[in-house]
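Each residue of the sequence shown is one higher than the one before, starting from 179 at the first, in the working numbering. Virtual Cβ for every residue (Gly too), placed ideally from N, Cα, C. Keep in mind the model is a prediction, meaning the values are calculated, not measured. Heads up, the thing below is written out as structure tokens.
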Amino acid sequence: MHRDAIAGHVSPGIRKLRNIAITVVVLASVLLIGCQAMVRQALFHPTHAAGDNGLAHWTHEGVLIGFARTVPDAENVWLLLHGNGGQAADRVYALERFSDRDAVYIMEYPGYGTRPGKPSRKAFDDAAFVAYEALRAQFPGKPVCVAAESIGSGPASMLARATQPPDKFVFLVPFDDLKSVARDHAPSFLVGMMLGGSWNNVEAMSGYAGAVEVYGAAHDQIIPVDHARKLAASLPQAKYHEFTSGHNDWSHQPQVRIRNP
């Protein structure tokens with residue numbers, strides 16, 4: 179009985195430390211949730227229209243995962259990962275930059291358009307992997323390539339680690355490291371809190387030996403062009419192109435030609 183009484187006794191000092199620890203955990207949890215909400219608000223700007231702009235519906239296991247421009251006996255198959263605003267069906271403007279002989283599949287991000295889910299890095303990465311593997315299975319023997327616009331370069335770069343990586347990457351106004359871009363706009367301590375596990379395209383692409391083209395916009399005020407230059411410089415095989423316009427104008431540049439080879 180004496181032993182039980184001692185074991186159950188908690189001194190005021192220990193009780194105070196325990197209460198402080200509980201408070202810290204609760205505050206940290208609230209801060210983490212708040213940071214995640216801030217990241218979603220800062221990075222992701224989906225719209226939720228139901229239209230398809232004349233594109234074919236792309237489904238996988240009964241779920242709409244994007245839209246496509248299909249062609250008979252395509253020479254190449256492209257997975258297009260778009261920027262952080264709007265939704266997949268908006269990207270009809272990009273199609274003229276692809277060859278008429280290539281099929282283009284534009285993935286819808288979770289939480290965009292009518293696709294259920296909540297935007298996040300993990301959700302984007304997982305969805306990109308599923309979409310890419312679905313195209314590999316649907317088009318055996320065909321080159322499957324990846325084009326990525328802006329923030330789409332993040333989940334795209336992760337596909338370099340696939341068992342059978344893409345035959346080619348084309349990056350359009352991309353970044354090298356999302357934290358580095360954020361530091362152009364916010365204090366470093368906030369960047370660390372909000373983007374602890376963000377995309378680093380240089381790191382993700384470091385083992386990729388296939389063809390890469392990078393297009394940067396000299397007057398880009400959203401992702402300054404130096405980030406595209408750094409991504410290209412990190413890949414010895416990369417071909418770098420630069421045009422004199424802003425971030426959202428790449429599809430109007432005749433020198434942007436998304437091709438394989």
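When DSSP states are grouped into helix, strand and coil, P224 belongs to the strand group. The alpha-carbon separation between D398 and T422 amounts to approximately 9 Å. The beta carbon of Y310 lies closer than 6 Å to those of L257 and L337 in the same chain, with the five residues before and after it left out. With respect to the 8 Å criterion, D345 and P402 are not classified as neighbours on the basis of their beta carbons. Residue state for R279 is assigned as coil, using DSSP reduced to three classes. Looking at the backbone, the Cα of R293 and that of D303 are separated by about 15 Å. Under the three-state reduction of DSSP, Y310 is assigned to helix. In the structure shown, Y393 falls within a strand segment according to DSSP collapsed to helix, strand and coil. Under the Cβ criterion (8 Å, minimum of three pairs), the stretch 243-256 does not count as touching the stretch 409-418. Judged by DSSP secondary structure, H238 falls outside any alpha helix (DSSP H) and instead within the beta strand (DSSP E) spanning A234 to H238.
Taking a 10 Å sphere around the C-beta of P288, we find 16 or more other C-beta atoms and assign the residue as buried. For T237 and I329, the gap between their C-alpha atoms comes out near 23 Å. The residues H419 and F421, in chain order, have a CB closer than 7 Å to that of Q433 in the same chain once the five nearest residues on each side in sequence are set aside.
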